[in-house]
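One line per chain: the protein sequences are B and D, in this order.
With our numbering applied, the first sequence corresponds to residues 4 to 481, in that order.
With our numbering applied, the second sequence corresponds to residues 43 to 546, in that order.
Cβ coordinates follow ideal geometry from the N, Cα and C atoms, glycine included.
Report on the following structure.
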Amino acid sequence: MRLLTLFLTLNLAHAATHSDYYNREEIPLPKGEVMEISSIALMPEKQIAVATRRGDVWICSGAYDDDLSKVSWKKLTAGLHEPLGMFYKDGWLFLSQRPEFSRIKDSSGNGIADTFETINADWGINGDYHEYAFGSTPDKNGDVWIALCLTGSASARSDWRGWCVRITPDGKMIPTCSGIRSPGGIGFNAQGDAFYTDNQGLWNGSSSLKWLKPGSFQGNPTGNKYHKLADLPAPPQPADPSRILAERLKDPRFIPPAVIFPHGKVGQSPTGIACDQSGGKFGPWEKQLYVGEQTHSQVQRVCLEMVNGIYQGAVFHFLEGFEAGLIPIRFDDEAGIIFAGGSNRGWGSRGKKPFTFERVRWTGKTPFEILTMTANHDGFTLNFTEPVDPTSAGNPASYSMEAWTYILQHTYGSPEVDQATPKITSATISPDNKSVQLKIEGLVRGHVHHLESIGVRSAKGEPLLHQDAYYTLNEIPN
Amino acid sequence: MIHRLFLLLAVASPLSAQDGEQLYTLYCSACHGADGKGATGGAFPPLAKSPWLKGDGQRAIKVVLNGLEGPIQVLGKDYNLAMPPQGALLPDDQLAAILTYVRSAWGNNESAITPNLVKSVRAASTDRTKPWTPEEILMEHPLPLEVTALKNITSSVFSGSWTELPDFSTLKPDSVEEEQFGIISAEQSPKEVHFAIVWEGQFIANAPPASTKKAGAPYTFALDADDSARVFIDGELLVEVTGIGPMGSKRAKTEEIWLTQGSYPIRIEYLQVNGKKGISLGWKSGRKNQNKTWNWLSEIKGDSGPIWPSIPIKPTAEHTAMYRNFIAGTTPRAIGFGFPGGVNLAYSADRLTTELIWTGPFMDGGHHWYQRGQGNEPPAGKNVIKLSNSPALPAGAQFKGYKLDDAGNPSFSAMIGDSLLTDAWLPAPNGLTRKFSLSGQGSDPVDILITDLLHPQPAGTNLYDLANNLLLQLEGVNLQTKNSKSFISLTPGQSATLTYTWKK
């Protein structure tokens, strides 16, 4: 315990002098306006559109400039129905509103939207506040993916609640995945596969990032009945209580969460998803995902890999201290900037402001971090952002691991259960000193594996900025 | 403006049960606030000095285990949120540690909660699958009575068949009782009808002076009664409810008074004639229009209005206002338009027609823009007329959206087979004009529902009295009625204009 305290103290002192990797800045909002930002769309000529929970859409100019005091705003429209997902294409802003997927534009050129086209409204709503609709940007086929929240926590009283649907460019709705509870955001990885975040609750032991494989079941059977509306096969009905691994082995349509964000340890309410394809403009995290967090006002970092046809990977703490609960995040690949917005109306957050719009830019300095964590048949490989000190990083005692899973059950959330303590038996450094292969006895298929790398030092003698990694080991490679 | 971004520090030790404060910070503080006052300036219920934490610990244990959903009042303020259940997440020892911390922090001074108590409460509530409603939990664990600003109150009960408050100086009471909790109630008489009660005692005024130049501070009193009541402070009549009738009507009154800190004689007179009985009396520090917490001196709490602020949505002189949200009286896919001049409509994108029209104020956004915004909000104006209540176009018709002209006047579109119907609305003197145009190939007429709720009475050439002083004038088309539904019928290429006018 004394040793631990010492490390923590060192780390604190260290972090205080190395807190300049990323600059978070508040983007000034129009004075007197309530800007509970629910959607962000990147537009041509470095303009940004934001939508608010109250239904306004504003266009922001100057959000890329060094001097944010010159930011200007123009109101495009007001009174839309809580858009949670917006993108720009071919002169239109496309919006996932509660009741419909639509597109709007200013045809007359007077700065005020005058054309509001409904593209699809084939899902149900009944007036319950919980029936949110989170929409993506278009995928490689031009389809937009919309995750439809359940009615309240425990029921699906309107058509297709608890499903993800795709809206094709010609306005057709394709029911695509079942088993959704309460989404917070939706997006794609670098391969173009769709993911969403789902919040802890009924049939959801902990929040997670989930892969929306077409035809899949995501674990919550509340909305299963709607398969009948489209003559689809009935989704799986999991046993209660059970485990995700046990249930998905019974039915391969049950796709497990790609990365679990252990409740409380890595946020409490994950939201927007953005993929870094900037080629290094935001640091070395190419093709990784950034995931917003409402309750803890953070952005987490996720690296994914596919093993035996299933996505899995690790989540790391990344950015924190945002001014309100984050909902949408957008990453500009050209500029290498994260734009983040949010609100804490109805759900509390660590950030104390009622709403916020912020950007994060990289200073060009890279922190000493675990860049990627990937699974092997006998352990994990860690790639680091810079060469490690071989003595500390090659010492198995510099690492520790614990593993657990959650109960799959109809009640709200789950404790961490089935705890295991995998043993790190060796740590082998690569010739370039930038990666370490950990041999581990006692990996547990299906469990979250929490790796702490407290003793690891960089070649310069620095500890990791974030020593915790949480890897969801759905599959152990052969 | 620029913040250095502080990256997260590793939390190296798993939290054990002793760390009640740390566990609270991790799981609870985002909503309830690190200071226990409710996050975001009190948008969430406070735990500091909350009566919900007082006394028997089981109330709080049950709420944390299974959650709580619905309207509650804490320290005089209303909330309507959902506390998610934490029972599956938190083991007995951690939950006990959190509640022990909460019950002793921020001025709370309640006993510790043991893991064993949590364990037994959990075991006894295994069959509960849903969050508690406020009614359920308070039935099992009532809140302790709070001390009110009324002191040394006596109630004198009189019998008699008066129709207005009598001169009590000539009357002899049936009984006189002390009311030690400082709460008044019509139940303090055993009778149901034909009685009166007089309460006498002191009102303790505690508000600090409104400014350095003033000795006193404003107070607002709210009185309502079934049937009559009046309140005297310091011998002066302050507020009076006259006549016979139910509570919750326009007879309810609020009045202001300036008081310096101190104790004032108060006298409350109440008369029950017949029908139901009841009295509510509340006060807040501040002027009538100030958004302050009401303190109730009566068993019945008065109607202190909606818990959300009023945020009127208004058109400008040049442009309509739009509001897409859940509007009471029509379907969930509602689209409201408020026109300059005080006429309004709500179009149903489910039923493909305007279902509501009204005059006066358009909508109030406060309901949907406060907390989670649950529920339907009615039009803000009076005189709401519901035109129809069923699909207006043939089955299979699809909503295509709407266009706005430069003034924001909407033209709604729907596809009916290969035909496109536009339904454009403009403000008109004392009403609204509506122009239908059907374009497309073919010659099959399309029936368009105009009303299935009103019964148009002919009032001239193509002129109908719809109801409530509302006239409908048709041009270019006839109104047809079958099975008490009124339609117009258009063929592709045809247009029609309908004008709705409120008679002055």
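Minimum Cα-Cα distance from B:A193 among the listed residues B:G354, B:L248, B:P418, B:Q280 corresponds to B:Q280.
Within the region 39-60 of chain B, the residues whose Cβ lies closer than 9 Å to any Cβ of chain D are, in chain order, E39, R56, R57, G58. Within the same chain, T366 come within 6 Å of B:D23 by CB-CB distance, once the 5 residues on both sides are set aside. Within a 10 Å sphere around the beta-carbon of B:R448 sit fewer than 16 other beta-carbons, which makes this residue exposed.
The criterion of a C-beta distance shorter than 8 Å is not satisfied by D:V160 and D:I225.
Under the three-state reduction of DSSP, B:G208 is assigned to coil, being neither helix nor strand. Within 7 Å of the CB of B:G82, the CB atoms of chain D belong to A363, M364, Y365, R366, in sequence order along the chain. Counting only runs of 3+ residues, the beta strand (DSSP E) found wholly inside the region 315-361 of chain D occupies 320-327, in chain order. Close partners of B:I128 in chain D (Cβ separation under 8 Å): P374, R375. Look at the region 86-105 of chain B: the residues with a C-beta under 9 Å from a C-beta of chain D are Q100, R101, P102, E103, S105. B:F119 has a beta carbon lying within less than 8 Å of a beta carbon in chain D. The Cβ-Cβ distance between D:V116 and D:S146 does not fall below 8 Å.
Put simply, the region 206-223 of chain B does not touch the region 372-390 of chain B. Fewer than three CB pairs are less than 8 Å apart. For D:D135, the three-state secondary structure derived from DSSP is helix. Around the beta-carbon of B:A116, 16 or more other beta-carbon atoms lie within 10 Å, marking it buried.
Counting along the chain, the unbroken beta strand (DSSP E) around D:R272 starts and ends at 270-275. The continuous stretches of alpha helix (DSSP H) do not include D:I530, which lies in the beta strand (DSSP E) extending over residues 527-532. Ranked by Cα distance from D:W338, the first of D:F237, D:K442, D:Q332, D:G324 is D:G324.
Exclusion of the five residues before and after B:K437 leaves F387, P390 as the residues of its chain whose Cβ lies within less than 6 Å of its Cβ. Boundaries cannot be given for D:A228, as no alpha helix (DSSP H) includes it and DSSP labels it neither H nor E. Here B:A343 is buried, its C-beta having at least 16 other C-beta atoms within 10 Å.
When D:D61, D:L141, D:G84 are compared, the shortest CA-CA separation from D:K96 is found for D:L141.
The beta carbons of D:I355 and D:G380 sit closer together than 8 Å.
For B:Q412, the secondary structure class from DSSP, reduced to helix, strand or coil, is coil.
Sequence-distant partners of D:D98 (beyond 5 residues in either direction) whose C-beta falls short of 7 Å from its own C-beta, in its chain, are H183. Taking a C-beta distance under 8 Å as the contact criterion, D:G78 and D:P87 do not qualify as a contact pair. For D:W411, the chain B residues whose C-beta falls within less than 7 Å of its own C-beta are R57, listed in chain order. In the displayed model, B:K77 falls within a strand according to three-state DSSP. Within the same chain, Cβ atoms closer than 6 Å to the Cβ of D:I349 are found at D120, the five residues on either side in sequence being excluded. D:S227 places its beta carbon 8 Å or farther from that of D:S153.
In the three-state reduction of the DSSP assignment, B:E29 falls in the strand class, which pools E and B. Pairing D:N108 with B:D68, the inter-Cα distance amounts to about 49 Å. The secondary-structure analysis by DSSP pairs D:P260 across a beta bridge with D:W300.
A Cβ-Cβ contact shorter than 8 Å links D:D345 with D:G290.
By the Cβ criterion, the region 306-313 of chain D is in contact with the region 235-242 of chain D, since at least three pairs of Cβ atoms, one from each stretch, lie closer than 8 Å. The C-beta of B:G204 comes closer than 8 Å to at least one C-beta of chain D.
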